[in-house]
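Going by this note's numbering, the residue at position 9 of the sequence shown is 446; the numbering climbs one at a time, nothing skipped.
Note that CB positions come from ideal geometry on N, CA and C, so glycine has one too.
Quick caveat, the model's predicted, so the values are computed rather than measured.
Heads up, the thing below is written out as structure tokens.
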Amino acid sequence: DFFFIQGGDKVEDVTIFRVYDRWGSLIFEGNNLDINVDIQGWDGTSRGQVMNSGSYIWYAEVLFLDGHTEVIKGDVLLLR
């Protein structure tokens, strides 16, 4: 399973997508990702290691076709 950014037809791409652990360490980063493509998202690992169940913080910059960039962020619960 993957955690990825989903959106409509007005989105050009995901410029930055990052996932952090509860201590603020960057555990995943993707750049210039296609919207709605699951395999470009986070697979629950970091540096080849399976991450523990828990809450993770995410941040994304989404570029729209009209040139507008929007920052979205939140948290995701990883369950094993």
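**Request:** Could you tell me how far apart the beta carbons of Tyr493 and Val513 are, in whole angstroms, since I believe they sit closer than 8 Å?
**Result:** Rounded, the Cβ-Cβ distance is 5 Å, consistent with contact.
**Prompt:** Could you give the distance in angstroms between the alpha-carbon of Gln486 and the alpha-carbon of Thr452?
**Reply:** Their backbone Cα atoms lie some 25 Å apart in a straight line.
**Request:** Scan the stretch 438-486 and note each continuous alpha helix (DSSP H) run of 4 residues or more that stays entirely inside, going in chain order.
**Result:** Listed in chain order, the alpha helix (DSSP H) elements of length 4 or more contained wholly in the stretch 438-486 amount to none.
**Prompt:** So, helix, strand or coil for Ser490, using DSSP?
**Reply:** Here Ser490 sits in coil by DSSP.
**Prompt:** Between which two residues does the beta strand (DSSP E) containing Gly511 stretch?
**Reply:** Where Gly511 is concerned, the enclosing beta strand (DSSP E) starts and stops at 506-515.
**Asked** Can you give the Cα-Cα distance for Asp475 and Phe440, rounded to whole angstroms?
**Response** If you take the alpha carbons of Asp475 and Phe440, they lie about 7 Å apart.
**Message:** Within a Cβ cutoff of 7 Å, which residues of the same chain sit near Asp471, ignoring the five residues on either side of it in sequence?
**Reply:** If we look at Asp471 and ignore the five residues flanking it on each side, its Cβ neighbours are Asp450, Gln477.
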